[in-house]
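This report concerns only the one structure given below.
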Amino acid sequence: MGLFESLKVSASGLNAQRRAIQTVATNLANAHTTRTESGGPYLRKKTVLSEAPASEGFAAMFNQKLGGNLPGVKAEVAEDTQGLRVVFDPSHPDADESGAVTLPNVSVVEEMVDLLRATRSYEANVTAFNAAKGMALKALEIGNK
Amino acid sequence: MDKIEIGKKLFDQTMGTLNRSLDVRTARHRVLSSNVANAETPNYAPKDLPFQKILERATESSSAISLRKTHPQHFPEPGILTSEWSAEVESQAGGEGVNIDQEMAKLAENNLMFQAGVQSLVKKIEALKMTISDGR
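Those protein sequences? They're chains R and Z, same order as listed. Those letters in the first sequence? Residues 4 to 148, per the working numbering, in order. Those letters in the second sequence? Residues 689 to 824, per the working numbering, in order.
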């Protein structure tokens, strides 16, 4: 399906990276949350990327017949249960009898690194998207003069 | 000059080759943008489409299904169908995954070469038009 298929693949990349950025935002906002709906401290969310067809249904089938589907990408969110921090703070309302408070396993530094990585990836996808758009526009110039 | 000669000269090799090269560039762009989208997917093997090889094959008009010519003045059939490219996609499994700098460079190169192809085609058509209008 030519360039339109490329646009869809790049769009799936943009979508996945935007979700990664949202996940980072959630983690940063909840870096010190000790109370959650399910009880206990907040658990860090992780973005897991995997290959996925860029188009669905009829379009996917059609492309398969035309020349094989090249994968886009999709993002899923998983919870990280490892590495909860326990600190001594008897004045904290959520401290147990021994004065220990369990804090979320969010490392602000790590989140910032993830944020930068996702932003750069997003930009790379924007470049690929613009290149496809430029190619399509340029092709319209054939026979235009 | 008879009619066949004129037909061959008007729609000669240059136009056909350029046409097919644009097709291959489009297909390659699709492969490369898939690599960029999957730059961070674990266990993803980057893919590429060897332009030279494909174009060589595309310009040899040895397609399996040929159009039937019922008149000697029929134009030669166009090149291969898109489906035959999917088999040519090279996958580099077991490597270090996607090298984003390399992919972006390939993307830019492919984009520029596409633009150059279009430009040549535009010039070709301009020349034809110039001839048709008696050079005015």
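C-beta atoms are modelled at their ideal positions from N, C-alpha and C, and glycine is treated no differently.
Leaving out the 5 sequence neighbours to the left and right, which residues in its chain are closer than 6 Å to residue i when beta-carbon positions are compared?
i                      : result
residue 117 of chain R : 27
residue 131 of chain R : 13
residue 109 of chain R : 30, 34, 47
residue 102 of chain R : 91, 93
residue 722 of chain Z : none
Tell me the residue span of the beta strand (DSSP E) that contains residue i.
i                      : result
residue 737 of chain Z : Unbroken run through residue 737 of chain Z: none, as it is neither H nor E.
residue 104 of chain R : 103–106
When the distance is taken between beta carbons, is residue j closer than 8 Å to residue i?
i                      : j                      : result
residue 56 of chain R  : residue 107 of chain R : no
residue 737 of chain Z : residue 719 of chain Z : yes
residue 76 of chain R  : residue 16 of chain R  : yes
residue 129 of chain R : residue 105 of chain R : no
residue 717 of chain Z : residue 9 of chain R   : yes
residue 758 of chain Z : residue 53 of chain R  : no
residue 799 of chain Z : residue 134 of chain R : yes
residue 820 of chain Z : residue 127 of chain R : no
residue 832 of chain Z : residue 713 of chain Z : The displayed coordinates of chain Z run from 689 to 824. Any statement about residue 832 of chain Z would go beyond what the structure contains.
residue 136 of chain R : residue 803 of chain Z : no
residue 97 of chain R  : residue 37 of chain R  : yes
residue 727 of chain Z : residue 124 of chain R : yes
residue 741 of chain Z : residue 776 of chain Z : yes
For residue i, report the span of its alpha helix (DSSP H) as first-last.
i                      : result
residue 133 of chain R : 111–142
residue 728 of chain Z : Neither: residue 728 of chain Z is in no alpha helix (DSSP H) and is coded neither H nor E.
residue 23 of chain R  : 5–32
residue 781 of chain Z : Unbroken run through residue 781 of chain Z: none, as it is neither H nor E.
residue 145 of chain R : Premise fails: residue 145 of chain R is in no alpha helix (DSSP H) and is neither H nor E.
residue 819 of chain Z : 788–820
To which residues of the same chain is residue i closer than 7 Å at the C-beta, ignoring the five residues directly before and after it?
i                      : result
residue 709 of chain Z : 743, 805
residue 73 of chain R  : 12
residue 39 of chain R  : 45
residue 139 of chain R : 6
residue 739 of chain Z : 712, 716
Return the chain-ordered list of same chain residues with a C-beta closer than 8 Å to the C-beta of residue i, the five sequence neighbours on each side being excluded.
i                      : result
residue 111 of chain R : 31, 34
residue 22 of chain R  : 50, 78, 80
residue 770 of chain Z : Summary for residue 770 of chain Z: the model assigns pLDDT 49, below 50, so the residue's position carries little reliability, and this model does not support an answer.
residue 703 of chain Z : 809, 812
At a cut-off of 7 Å, is residue i close to the ligand GDP when judged by its beta-carbon and the heavy atoms of the ligand?
i                      : result
residue 802 of chain Z : The ligand GDP is absent from the structure shown, which contains no ligand whatsoever.
Validate contact between the segment 25–41 of chain R and the segment 55–66 of chain R using beta carbons, cut 8 Å, 3 pairs: Contact between the segment 25–41 of chain R and the segment 55–66 of chain R is absent, because fewer than three Cβ pairs lie under 8 Å.
At 4 residues or longer, and completely inside the segment 44–100 of chain R: list those alpha helix (DSSP H) runs for me, N to C. Segments of the alpha helix (DSSP H) lying fully in the segment 44–100 of chain R: 60–70.
Would you be able to state if there are at least three C-beta pairs under 8 Å between the segment 775–790 of chain Z and the segment 731–740 of chain Z? Below 8 Å, enough C-beta pairs join the segment 731–740 of chain Z and the segment 775–790 of chain Z to call them touching: three or more.
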